[in-house]
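> Numbering of the sequence shown is given in full-length UniProt numbering, commencing with residue 1 and proceeding in unit increments.
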Amino acid sequence: MAKLQGFEFWRKTLKAARYVVAPMVDQSELAWRLLSRRHGAQLCYTPMLHAQVFVRDANYRRENLYNEVCEEDRPLIAQFCANDPEVFLQAALLAQDYCDLLTVHGRTKDQKGAMTGIASWEHIKAVRLAVNIPVFANGNIQHLSDVERCIQETGVQGVMSAEGNLHNPALFDGRSPPVWEMAEEYLEVVKRYPPCTLSYVRAHLFKLWHHTLQIHQDLREELAKVKTLEGLADVSKQLRLRCQEEIAKGKDSEDKESGLPFPHWICQPYVRPVPKETVTNGNSQASVLKKTVCQKRALEDCESADTLSKNKQKKRSRNPKKNFCPEQKPKYIKCEQCGNPKGNKCVFSLCRGCCKKKAYKEVADCPSHGLRFKTKAEKRKAEEKEQAERSTTEVERSDRFPQPLQDSRRELEEPRLLL
1 MAKLQGFEFW RKTLKAARYV VAPMVDQSEL AWRLLSRRHG AQLCYTPMLH
51 AQVFVRDANY RRENLYNEVC EEDRPLIAQF CANDPEVFLQ AALLAQDYCD
101 LLTVHGRTKD QKGAMTGIAS WEHIKAVRLA VNIPVFANGN IQHLSDVERC
151 IQETGVQGVM SAEGNLHNPA LFDGRSPPVW EMAEEYLEVV KRYPPCTLSY
201 VRAHLFKLWH HTLQIHQDLR EELAKVKTLE GLADVSKQLR LRCQEEIAKG
251 KDSEDKESGL PFPHWICQPY VRPVPKETVT NGNSQASVLK KTVCQKRALE
301 DCESADTLSK NKQKKRSRNP KKNFCPEQKP KYIKCEQCGN PKGNKCVFSL
351 CRGCCKKKAY KEVADCPSHG LRFKTKAEKR KAEEKEQAER STTEVERSDR
401 FPQPLQDSRR ELEEPRLLL
């Protein structure tokens, strides 16, 4: 059978999928893919899988792909990250019976987070016109209307969503349901298709409830602390009851003042704030500083507490005399053998690991590292010598003063009673 390619592959194997859920690390697991498919998604990706770990670890394969072959979860694309072509090939061979397509992600590691900016549909359109294969667009997708507009403006065959899908799994349905409705349905899918890592579930709930947890801070703390699936379900129930009470009291007007298009209990996109200051060419000032400045903070800013992280500010409150400026930290001399910092008072001028090997081999001591091989050996010899002398003395004493023989018959006689 001839291998399908290009548009024929897209139409027949991928069933002309237009609504796509993007690959998301620790987020596009089976339960979330099934939830998204129930609400309009036509094609899903697995989380980005580490090819080397996938080849080496059977548990990793079972948790991420082999656990349960679900017919509802089709078509499916498995995405790997790999540096070694041989390792990537081995991972592909292990995964080929469990998915429909293997793809290579061509983006660089720097194209992520706030540094990506607004997606350029003009560039996507240029790529679409330049190639003869199906193209999926990704970026700026917050509502179903954005999907249709992107397809019209760029001419792509499908649209992929990542963050928009995380905040509203019903995006491709064109609906904005209550947040507790999506959360409860997701928890049901998780229970039906175990195992699902608790950290994945917790992360999804944080995304779904992002706007609501800004108001109910105590539920945010409780969500972060619970350690069972039942505990997460209890938090979801509390959130639903609180939101329903707010609806009954008619608090919709308060949310309009917050700038959100819908009340906080409705699934809606999260708009990432743009950098405050920008440069004339469109790049953020933060990205320019990131390229030009190697260290995290300049020397003159080290004295200011505002430039320190909260964790370091806490450490400074506990240790006021400690210096947190990397430029003023003492320079450590490297070990002659391995390059790690050597002990300042080491007998051999080595790090502890190398010093331990050398001291053991030469039966020597290093007080700086607390190594006492020579002392222990001498102590052991002294104890052995003392024990030998003690045993010799006992033998000589027994030869000089022999013990008198006792009459065994006298020992066996019982005491007589006097009448």
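For glycine and all other residues, C-beta sits at the position ideal for the given N, C-alpha and C. Note that the structure is predicted; figures quoted are calculated from it, not measured.
1. Taking the alpha helix (DSSP H) that A233 falls in, what are its first and last residues?
2. Leaving aside the five residues before and after G164 along the sequence, list all residues of the same chain whose C-beta is less than 7 angstroms from its C-beta, in chain order.
3. So, helix, strand or coil for A17, using DSSP?
4. Could you tell me the boundaries of the alpha helix (DSSP H) in which F262 lies?
5. What residue range does the alpha helix (DSSP H) around F206 cover?
6. So what does DSSP say about I77, is it helix, strand or coil?
7. Which parts of the region 321-353 are runs of the beta strand (DSSP E), unbroken and 3 residues or longer, counting only runs that do not cross its ends?
8. When we look at the beta-carbon of K201 and count the other beta-carbons within 10 Å, is it buried (16 or more) or exposed?
9. Quick one: using the 10 Å Cβ neighbour count with 16 as the cut-off for buried, is N168 buried or exposed?
10. Going by DSSP, what residue range makes up the beta strand (DSSP E) through M160?
11. Return the CA-CA distance between A388 and A377, expressed in angstroms with no decimal places.
12. For A82, collect the residues of the same chain with a Cβ closer than 6 angstroms to its Cβ; drop the 5 residues on either side in sequence, then sort them by chain order.
13. With DSSP collapsed to three states, give me the class of H143.
14. What are the boundary residues of the beta strand (DSSP E) that includes L43?
15. Can you find at least 3 beta carbon pairs, one from the region 152-160 and one from the region 125-142, that sit closer than 8 angstroms?
16. Work out the CA separation of A92 and P178 for me, nearest whole Å.
17. P75 to L43, Cα distance in whole Å?
18. Let me know the secondary structure DSSP gives R372 once reduced to three states.
19. Which same chain residues end up closer than 6 angstroms to I333 when comparing Cβ atoms and leaving out the 5 residues on each side of it in sequence?
20. Taking Cβ to Cβ, would you say N64 is nearer than 8 angstroms to P47?
21. Could you pull out every residue in the same chain whose Cβ sits closer than 6 angstroms to the Cβ of R220, ignoring the five residues on either side in sequence?
22. If you measure between the beta carbons of L223 and L205, is that distance less than 8 angstroms?
23. Could you check whether A183 and S236 sit closer than 8 angstroms to each other, using their CB atoms as the reference points?
24. With N138 as the anchor, note down where its beta strand (DSSP E) starts and where it stops.
25. Can the beta-carbon of C351 be found closer than 8 angstroms to that of C335?
26. Alpha carbons only, please: which of C354, V347, P330 is nearest the one belonging to G339?
27. Helix or strand or just coil, what does DSSP make of P177?
28. Going by CA-CA distance only, name the one from C150, K191, S145, G155 that's closest to S176.
29. Leaving out the 5 sequence neighbours to the left and right, which residues in its chain are closer than 6 angstroms to K15 when beta-carbon positions are compared?
30. Provide the residue span of the alpha helix (DSSP H) that contains Y60, from first to last.
31. How is H50 classed by DSSP in three states: helix, strand or coil?
32. Which word fits I133, buried or exposed, when buried means at least 16 other C-beta atoms lie within 10 angstroms of its C-beta?
33. Spatial neighbours of residue 421 within its chain, please: C-beta separation below 6 angstroms, excluding the five flanking residues on both sides.
34. Between the alpha carbons of E8 and H123, how many angstroms are there, rounded?
35. Who are the near neighbours of G6 in its chain, counting only those whose CB is closer than 8 angstroms to its CB and skipping five residues on each side?
36. What number of angstroms, rounded off, separates the C-alpha of L49 from the C-alpha of E246?
The answer reads as follows:
1. What you label residue 233 is simply residue 233 of the sequence shown in a count that begins at 1. Here the alpha helix (DSSP H) through A233 covers 229-249.
2. Here the question's residue 164 lines up with position 164 in the sequence shown. I141, Q142, L171, P269, listed in sequence order.
3. Within the sequence shown, residue 17 is the residue found at index 17, counting from 1. The answer is coil: DSSP assigns A17 none of H, G, I, E or B.
4. Your numbering for residue 262 matches position 262 in the sequence shown. Counting along the chain, F262 falls outside any alpha helix (DSSP H), and DSSP gives it neither H nor E.
5. Indexing the sequence shown from 1 puts residue 206 at position 206. For F206, the enclosing alpha helix (DSSP H) covers residues 198-208.
6. The count along the sequence shown starts at 1 and reaches residue 77 at position 77. Of the three classes helix, strand and coil, the one that applies to I77 here is strand, per DSSP.
7. The qualifying runs do not exist here; there are none.
8. Sequence index remark: in the sequence shown, residue 201 carries index 201 (1-based). In the sequence under discussion, the amino acid at residue 201 is Val, which differs from the Lys named in the question. V201 is classed as buried because its beta carbon has at least 16 other beta carbons within 10 Å across all chains shown.
9. Indexing the sequence shown from 1 puts residue 168 at position 168. The residue is buried, with at least 16 neighbouring Cβ atoms inside 10 Å.
10. Residue 160 sits at position 160 when you count from the first residue of the sequence shown. Counting along the chain, the beta strand (DSSP E) containing M160 begins and ends at 158-161.
11. The count along the sequence shown starts at 1 and reaches residue 388 at position 388. The count along the sequence shown starts at 1 and reaches residue 377 at position 377. One Cα belongs to A388, the other to A377, and the distance between them is close to 17 angstroms.
12. Reading the sequence shown from its first residue, position 82 is the one you call residue 82. Once the five neighbours on either side are set aside, the close Cβ partners of A82 are A51, F88.
13. Counting from 1 along the sequence shown, the entry for residue 143 is found at position 143. Coil at H143, not helix or strand.
14. Numbered from 1 along the sequence shown, position 43 holds the residue referred to as residue 43. Where L43 is concerned, the enclosing beta strand (DSSP E) stretches over 43-45.
15. When Cβ pairs closer than 8 angstroms are counted between the two stretches, the region 152-160 is seen to touch the region 125-142, the count reaching three or more.
16. Counting from 1 along the sequence shown, the entry for residue 178 is found at position 178. Counting from 1 along the sequence shown, the entry for residue 92 is found at position 92. Separation of P178 and A92 (C-alpha to C-alpha, rounded to the nearest whole angstrom) is 40 angstroms.
17. If you number the sequence shown from 1, residue 75 lands on position 75. If you number the sequence shown from 1, residue 43 lands on position 43. In a straight line, the C-alpha of P75 is about 6 angstroms away from that of L43.
18. The residue given as residue 372 occupies position 372 in the sequence shown. Strand at R372.
19. To locate residue 333, count along the sequence shown from 1; it is residue 333. Hits under 6 angstroms: K342.
20. Working through the sequence shown from its first residue, we reach residue 64 at position 64. Working through the sequence shown from its first residue, we reach residue 47 at position 47. Yes, Cβ-Cβ distance for N64 and P47 is below 8 angstroms.
21. By 1-based counting over the sequence shown, the position of residue 220 is 220. Taken in chain order, the residues that qualify are L213.
22. Here residue 223 refers to the residue found at position 223 of the sequence shown. Here residue 205 refers to the residue found at position 205 of the sequence shown. Yes.
23. Taking the sequence shown and counting its residues from 1, the one referred to as residue 236 is at position 236. Taking the sequence shown and counting its residues from 1, the one referred to as residue 183 is at position 183. Contact flag set, yes.
24. On the sequence shown, position 138 is the one that residue 138 refers to. From DSSP, the beta strand (DSSP E) with N138 extends over 136-138.
25. Sequence index remark: in the sequence shown, residue 351 carries index 351 (1-based). Sequence index remark: in the sequence shown, residue 335 carries index 335 (1-based). In this structure, C351 places its C-beta atom within 8 angstroms of the C-beta atom of C335.
26. By one-based count along the sequence shown, residue 339 stands at place 339. G339 has its Cα closest to that of C354, out of C354, V347, P330.
27. For the purposes of this step, residue 177 is taken as residue 177 along the sequence shown, with counting starting at 1. If DSSP states are grouped into helix, strand and coil, P177 belongs with coil.
28. In the sequence shown, residue 176 corresponds to position 176, counting from 1. Shortest Cα-Cα distance from S176 to any of C150, K191, S145, G155 involves S145.
29. Numbered from 1 along the sequence shown, position 15 holds the residue referred to as residue 15. The beta carbon of K15 is closer than 6 angstroms to none in its chain, skipping five residues each way along the sequence.
30. Here the question's residue 60 lines up with position 60 in the sequence shown. The continuous alpha helix (DSSP H) containing Y60 extends over residues 58-61.
31. The residue given as residue 50 occupies position 50 in the sequence shown. Three-state DSSP puts H50 in a strand.
32. The sequence position of residue 133 within the sequence shown is 133, counting from 1. Burial call: exposed.
33. This structure gives no information on residue 421, because the portion of the chain shown stretches from 1 to 419.
34. As a first step, residue 8 must be located in the sequence shown, where it is residue number 8. As a first step, residue 123 must be located in the sequence shown, where it is residue number 123. Straight-line Cα distance between these residues: approximately 24 angstroms.
35. On the sequence shown, residue 6 is found 6 positions in, with the first residue counted as 1. Setting aside the 5 residues that flank it on each side, G6 is surrounded in the same chain by N132, I133, P134, each with a C-beta closer than 8 angstroms to its C-beta; the list follows chain order.
36. Taking the sequence shown and counting its residues from 1, the one referred to as residue 49 is at position 49. Taking the sequence shown and counting its residues from 1, the one referred to as residue 246 is at position 246. Between the C-alpha atoms of L49 and E246 there is a straight-line separation of about 42 angstroms.
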